[in-house]
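So the protein lines, in turn, are chains A and B.
To convert, note that position 71 of the first sequence is 71 in our numbering; the numbers rise steadily by one, no gaps.
To convert, note that position 3 of the second sequence is 144 in our numbering; the numbers rise steadily by one, no gaps.
Even for Gly, the Cβ is constructed at its ideal location relative to N, Cα and C.
For clarity, every value in this text was computed on a predicted model and none was experimentally measured.
Okay, structure first, notes after.
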Amino acid sequence: MQWVETEEVVRFNEVDEWGMAWYGHYMAWFEIGRMSLLKRFDLLPAQMVELGYIAPVVSLKCDFKHSATCGDRIIIRTTVVKPEIAALKFKFEIFLKENRTLLAHGETTQVLLTTKRKMIYRLTGELESRINNLVSYCLEE
Amino acid sequence: MEEIVNNFESLREFLKKMIVDILNLEDVTVQEIDNDSPLFREGLGLDSIDALELVVAIEKTFNIIIADEDVGKKAFASINALAGFIQEGHKQG
């Protein structure tokens, strides 16, 4: 399985009263990982809109394993799972860069709608081909 | 399968069992699924991912395609509607 890695730093405004990275920011880091993967396959949100689709998240899961603090460099790893259905399922892992301590792992599921907000049940055309490229890349050994 | 599809009653029972099995509905039994209630939201309470799972199961089992929400709204209106939709698609296929 191929993962795309993105590096970020935990900023002052991202830590809570206890000096730990606030849990909600992990979702924003997932988003950074998602964008860097989607960009490689011309599937950024604006590019999907050009094709006539949007992909809202309908499910989100995150397990927190270790805390990070202000100034920590983190690595966001992102991949997609082979979809059995017409949806996009991403997996994420966030590590401390310094010693590869796992901070959190999670996943999101997105369904696909036309820009007129009609849900599609099957992938077709250019959207299908770009998503297939993304999935094949992520499934490579 | 041919026999099941051609008999409306057995097709409905087959679909109810398929819904419970495929979607791992733990709180719903086959007997509890009403023939006329909507499968989504106010009815059986299925969600968008459930719809996608059902679409794949129906395509694999009956070789009938439900392409999008417009078709889905009709097909998933109730068990009766779904059974009718499959019988119709089967005749055409």
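Residue range of the unbroken beta strand (DSSP E) whose run includes residue i
i	result
Q110 of chain A	L102 to V111
V9 of chain A	V4 to V9
E93 of chain A	A87 to L96
F64 of chain A	V57 to F64
R73 of chain A	R73 to V80
Within chain B, the residues that residue i reaches when beta carbons sit closer than 9 Å
i	result
E84 of chain A	L193, E194 and V197
Amino acids of chain A, ordered along the chain, whose beta-carbon sits closer than 7 Å to that of residue i
i	result
G230 of chain B	Ordered by position in chain A, no residue passes the 7 Å Cβ test against G230 of chain B, which lies about 14 Å from the chain.
S189 of chain B	V58, V111 and M119
Per-residue burial, residue i [other beta carbons within 10 Å of its own, 16 or more giving buried]
i	result
M48 of chain A	buried
L43 of chain A	buried
G71 of chain A	exposed
S189 of chain B	buried
R40 of chain A	exposed
K91 of chain A	buried
Chain-ordered neighbours of residue i on chain A, where CB pairs are closer than 8 Å
i	result
A222 of chain B	Result: empty, since nearest Cβ-Cβ is about 16 Å, beyond 8 Å.
Residue i: first and last residue of the uninterrupted alpha helix (DSSP H) it sits in
i	result
F203 of chain B	S189 to F203
E128 of chain A	G125 to L139
A208 of chain B	From DSSP, A208 of chain B is part of no alpha helix (DSSP H); its letter is neither H nor E.
I163 of chain B	F149 to I163
Rounded straight-line distance, which links the Cα of residue j to that of residue i
i	j	result
E207 of chain B	A198 of chain B	Here residue 207 of chain B turns out to be Ile, not Glu, going by the sequence shown. About 11 Å.
D16 of chain A	W22 of chain A	5 Å
K118 of chain A	V58 of chain A	15 Å
D168 of chain B	M159 of chain B	15 Å
L38 of chain A	L113 of chain A	17 Å
G106 of chain A	Q233 of chain B	44 Å
F30 of chain A	R11 of chain A	16 Å
E144 of chain B	L156 of chain B	14 Å
P179 of chain B	N221 of chain B	10 Å
Expected contact under 8 Å - CB spacing of residue i and residue j to nearest Å
i	j	result
K97 of chain A	I75 of chain A	5 Å
I94 of chain A	L88 of chain A	Actually they do not touch by this definition, with Cβ atoms about 19 Å apart.
D177 of chain B	S219 of chain B	5 Å
Y53 of chain A	L134 of chain A	Their Cβ separation, rounded to whole angstroms, is 14 Å, which puts Y53 of chain A and L134 of chain A out of contact at 8 Å.
T78 of chain A	W3 of chain A	6 Å
Partner residues on chain A for residue i, Cβ-Cβ distance less than 9 Å
i	result
D208 of chain B	The sequence as given places Ala at residue 208 of chain B; Asp does not occur at that position. I120, Y121, R122 and T124, listed in chain order.
Closer than 7 Å at the beta carbon, the chain D residues around residue i
i	result
G213 of chain B	The structure shown has no chain D; the protein chains it does contain are A and B.
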